[in-house]
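Below: one structure, written as structure tokens.
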Amino acid sequence: GGKDRRSGLILTIPLCLEQTSMDELSVTLDYLLSIPSEKCKARGFTVIVDGRKSQWNVVKTVVLMLQNVVPAEVSLVCVVKPDEFWDKKVTHFCFWKEKDRLGFEVILVSANKLTRYIEPCQLTEDFGGTLTYDHMDWLNKRLVFEKFTKESTSLLDELALINNGSDKGTQQERERSIDLNFLPSVDPETVLQTGHELLSELQQRRFNGSDGGVSWSPMDDELLAQPQVMKLLDSLREQYTRYQEVCRQRSKRTQLEEIQQKVMQVVNWLEGPGSEQLRTQWGIGDSIRASQALQQKHEEIESQHSEWFAVYVELNQQIAALLNAGDEEDLVELKALQQQLSDVCYRQASQLEFRQNLLQAALEFHSVAQDLSQQLDGLLGMLCVDVAPADGASIQQTLKLLEEKLKSVDLGLQGLREKGQSLLDQISNQASWAYGKDVTIENKENVDHIQGVMEDMQLRKQRCEDMVDVRRLKMLQMVQLFKCEEDAAQAVEWLSELLDALLKTHIRLGDDAQETRVLLEKHRKFVDVAQSTYDYGRQLLQATVVLCQSLRCTSRSSGDTLPRLNRVWKQFTVTSEERVHRLETAVAFHSSAEKILQECPEQPEAFNEMEQFDEIEAVGKSLLDRLTVPVVYPDGSEQYFGSPSDMASAAEHIREKMKLVSLKKQQLRQPEATSPES
Numbered sequence: 001g002g003k004d005r006r007s008g009l010i011l012t013i014p015l016c017l018e019q020t021s022m023d024e025l026s027v028t029l030d031y032l033l034s035i036p037s038e039k040c041k042a043r044g045f046t047v048i049v050d051g052r053k054s055q056w057n058v059v060k061t062v063v064l065m066l067q068n069v070v071p072a073e074v075s076l077v078c079v080v081k082p083d084e085f086w087d088k089k090v091t092h093f094c095f096w097k098e099k100d101r102l103g104f105e106v107i108l109v110s111a112n113k114l115t116r117y118i119e120p121c122q123l124t125e126d127f128g129g130t131l132t133y134d135h136m137d138w139l140n141k142r143l144v145f146e147k148f149t150k151e152s153t154s155l156l157d158e159l160a161l162i163n164n165g166s167d168k169g170t171q172q173e174r175e176r177s178i179d180l181n182f183l184p185s186v187d188p189e190t191v192l193q194t195g196h197e198l199l200s201e202l203q204q205r206r207f208n209g210s211d212g213g214v215s216w217s218p219m220d221d222e223l224l225a226q227p228q229v230m231k232l233l234d235s236l237r238e239q240y241t242r243y244q245e246v247c248r249q250r251s252k253r254t255q256l257e258e259i260q261q262k263v264m265q266v267v268n269w270l271e272g273p274g275s276e277q278l279r280t281q282w283g284i285g286d287s288i289r290a291s292q293a294l295q296q297k298h299e300e301i302e303s304q305h306s307e308w309f310a311v312y313v314e315l316n317q318q319i320a321a322l323l324n325a326g327d328e329e330d331l332v333e334l335k336a337l338q339q340q341l342s343d344v345c346y347r348q349a350s351q352l353e354f355r356q357n358l359l360q361a362a363l364e365f366h367s368v369a370q371d372l373s374q375q376l377d378g379l380l381g382m383l384c385v386d387v388a389p390a391d392g393a394s395i396q397q398t399l400k401l402l403e404e405k406l407k408s409v410d411l412g413l414q415g416l417r418e419k420g421q422s423l424l425d426q427i428s429n430q431a432s433w434a435y436g437k438d439v440t441i442e443n444k445e446n447v448d449h450i451q452g453v454m455e456d457m458q459l460r461k462q463r464c465e466d467m468v469d470v471r472r473l474k475m476l477q478m479v480q481l482f483k484c485e486e487d488a489a490q491a492v493e494w495l496s497e498l499l500d501a502l503l504k505t506h507i508r509l510g511d512d513a514q515e516t517r518v519l520l521e522k523h524r525k526f527v528d529v530a531q532s533t534y535d536y537g538r539q540l541l542q543a544t545v546v547l548c549q550s551l552r553c554t555s556r557s558s559g560d561t562l563p564r565l566n567r568v569w570k571q572f573t574v575t576s577e578e579r580v581h582r583l584e585t586a587v588a589f590h591s592s593a594e595k596i597l598q599e600c601p602e603q604p605e606a607f608n609e610m611e612q613f614d615e616i617e618a619v620g621k622s623l624l625d626r627l628t629v630p631v632v633y634p635d636g637s638e639q640y641f642g643s644p645s646d647m648a649s650a651a652e653h654i655r656e657k658m659k660l661v662s663l664k665k666q667q668l669r670q671p672e673a674t675s676p677e678s
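Under the UniProt record's numbering, the sequence shown has 503 at position 503, and the numbering climbs by one with no breaks.
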């Protein structure tokens, strides 16, 4: 870093006791002499050969080597000798005499006299000067500079090759060049950082000493690396900026190619294996279990599609991000990719949704068909069981249940038709996404199955309706049968009540002929009512016989109600005849008695025959006798009219009238008021 008085650079060669390699020294000199600029070299070098620790022959060899290495640049060689050590040898070899042959002047000087030729401020402390110098610090900084120069130069070449390759005419050449030289051998950021750090230290115009406390001022600008570093940094920044743009374009192109590749993967799968999966799944199943199996298979297909749909969502987001970046040259291609991807995905998603809806409609159709079939089976089972109700109410309940089941079947069949028609409508739209495949045959099978199920259910329902009509008629006949039996039994009860009323309340015989005739007329009307009741019961029992024959069942009334009806009627008839006989006898008695009692005494010729009195007495006695006799029924049972007190009251009235007739008779026989016979 020092300079001589001619402003030439000072080159110091320290020699040591150890053997010095001339080859290494030559290489070192070549390197050191390559550092200064040509302008600096033109001013020449002053070489200080420090031979204080070396041998003369080594010093001589070094000096002679300078002739071969730097003869033109060296102007002065100062050989620092040890004190009085080489005096004899100098006499044998005088360097000053060899100046013309060597090309430079050589002087032998001791260290303390070196300042005669070089200013002390340009000498280091080793030679008694004041120039501060840290060789290790200089060496480290020089190594940093050399490394930066080498790396930056190599990096510039690589970046220039990459950048120039990106500017080639055709896209294929550009991509091929980028592919071959895309990554630099070193990191540009690291090299730039190293260069900036080096430039920062150079711009401070000082190097730090190794001990941290001493500084050394560098040479003039010709020895400074600052301009070269700045130039390299500028070139690096320029090329690196271009390189970043190339990388950005390459990254964008790579991303675009990856997106395009993924888009084509999605499109190819959806239009290939995905569509083929849907083409093979056209059936709807013939039962709930079959439809559920098809739904499970469809869910597996949807699961496979969902993975590709997830890729579609990710790609769509990436494309949207690139579109927002706004590179005009890629907008058309990106939009075309996005449109193609969206069209295929939406079409495939629509097909999946259509298939899912179709299978769901088929499952609902088969569910309704199964429910309807179970309802028809239950109705048929109910119709196949013979009806054996206990009474009309149970028949009515059964008939109501039958009607409810039939109504439920009607609603079920209506629901089946609606589900079936909806399913047929969906199947008719299946051709719209069949990708040109003829689905007529497959659809025909599905349509035939649906229509077959609905027709079968309609036929089963019609058969059940026919059976319900027959069962309804039969049950209505049974209701009528029970009604006839109940009414017949009621007729028997009514007839029994009439008989009971006849025996218990129809006991009066009247106080005179007129009243008795009224009672007799009332009795005939009473008998007419009983006759109507009996006839009504007979008609009901005849109707039960007809109904039983129609229903092919044994009438319970023929062995129970009819005998009861006949028995009560016979009892009523016997009782009624007895009542009529008594009333007629009473009419005859009262009429005869009243006639005799009302005759005037001035007409005795009317009583010429006394036998009339005897006849009245005989009728009265006969009537009294009948009042004491019970009614005897055909089965031998007996029954009295009224209570004994009632009969006694009626008999007493007859006796009183008989007494009046007897008194009248006596009055007509003898005029005397009394006679011994009387």
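Every residue, glycine too, gets a C-beta built ideally from N, C-alpha and C. Values in this document were obtained by computation on a predicted structure and should not be read as measured data.
| Item | Value |
| --- | --- |
| Between which two residues does the alpha helix (DSSP H) containing Thr-280 stretch? | 275-280 |
| In whole angstroms, what is the alpha-carbon distance linking Gly-8 and Arg-242? | 43 Å |
| Could you tell me the alpha carbon to alpha carbon distance between Val-191 and Phe-148, rounded to whole angstroms? | 7 Å |
| Between the alpha carbons of Glu-73 and Thr-12, how many angstroms are there, rounded? | 14 Å |
| Which residue or residues does DSSP assign as beta-bridge partners of Asp-50? | Pro-14 and Val-80 |
| Just how far apart, CA to CA, sit His-506 and Gln-480? | 36 Å |
| Quick check: the Cα distance between His-305 and Val-266, rounded to an integer number of angstroms? | 10 Å |
| Quick check on the burial criterion: 16 or more other C-beta atoms within 10 angstroms. Buried or exposed for Gln-239? | buried |
| Nearest to residue 680 by alpha carbon, out of Thr-280, Arg-116, Tyr-133 and Phe-482? | Residue 680 lies beyond the stretch modelled for the chain, which goes from 1 to 678, so this question has no answer here. |
| Verify whether the separation of the beta carbon atoms of Glu-158 and Pro-184 is less than 7 Å. | yes |
| Hey, would you say Leu-108 sits closer than 7 Å to Lys-150, going by beta carbons? | no |
| Specify the secondary structure class of Glu-638 as computed by DSSP and reduced to three states. | strand |
| For Tyr-312, does the count of other Cβ atoms within 10 angstroms reach 16, so buried, or fall short, so exposed? | buried |
| Can we say the stretch 560-567 touches the stretch 521-530, given the rule of at least three CB pairs closer than 8 Å? | no |
| Can you have a look at Pro-273 and say buried or exposed, based on whether 16 or more other CB atoms are within 10 angstroms of its CB? | exposed |
| Whole-angstrom Cβ separation of Ile-301 and Gln-277, contact assumed at under 8 Å? | 5 Å |
| Using the Cβ count rule (16 or more neighbours within 10 Å means buried), how would you classify Val-63? | buried |
| Residue 679 and Leu-520: beta carbons closer than 7 Å? | Given a span of 1 to 678 for the chain in the structure shown, any question on residue 679 remains unanswerable. |
| Out of Ser-408, Glu-404, Ala-321 and Asp-425, which one is the CA nearest neighbour of Phe-354? | Asp-425 |
| Measuring alpha carbon to alpha carbon, tell me which of Met-22, Leu-406 and Gln-458 ends up nearest Gly-381. | Leu-406 |
| Considering Cα atoms alone, identify which of Gln-193, Ile-284 and Phe-613 is closest to Leu-663. | Phe-613 |
| Let me confirm a value: Leu-401 is counted as buried when at least 16 other C-beta atoms fall within 10 Å, else exposed. Which label applies? | exposed |
| Determine the extent of the beta strand (DSSP E) in which Val-109 is found, giving its start and end residues. | 105-109 |
| Which runs of the alpha helix (DSSP H) fall wholly inside the stretch 513-596 and span at least 4 residues, in chain order? | 513-551 |
| State yes or no: is the C-beta of Gln-365 within less than 7 Å of the C-beta of Leu-294? | Before going on, a small fix: residue 365 reads as Phe here, not Gln. Taking 7 Å as the Cβ cut-off, Phe-365 and Leu-294 do not qualify as a contacting pair. |
| Determine, using beta-carbon pairs with one atom in the stretch 44-59 and one in the stretch 15-25, whether at least three such pairs fall under 8 Å. | yes |
| Grouping DSSP H, G and I as helix and E and B as strand, with all else coil, what is Thr-20? | coil |
| Going straight from the alpha carbon of Ile-427 to that of Leu-322, what length do you get? | 42 Å |
| Give me, in chain order, the residues of the same chain whose beta-carbon lies closer than 6 Å to that of Arg-5; leave out the 5 immediate sequence neighbours on both sides. | none |
| Just grab the DSSP bridge partners of Thr-124 for me. | Leu-131 |
| Kindly indicate the opening and closing residues of the alpha helix (DSSP H) around Tyr-240. | 226-269 |
| Which value, in whole angstroms, describes the spacing of the CA atoms of Asp-377 and Gln-539? | 41 Å |
| Would you please state the rounded distance, in angstroms, between the beta carbons of Asp-511 and His-653? I believe it to be under 8 Å. | 6 Å |
| What are the boundary residues of the alpha helix (DSSP H) that Arg-655 is part of? | 644-669 |
| Determine whether the beta carbon atoms of Leu-413 and Met-467 lie at a separation below 7 Å. | no |
| From residue 762 to Phe-145, what distance separates their C-alpha atoms? | In this structure the chain extends from 1 to 678, so residue 762 is not present and cannot be described. |
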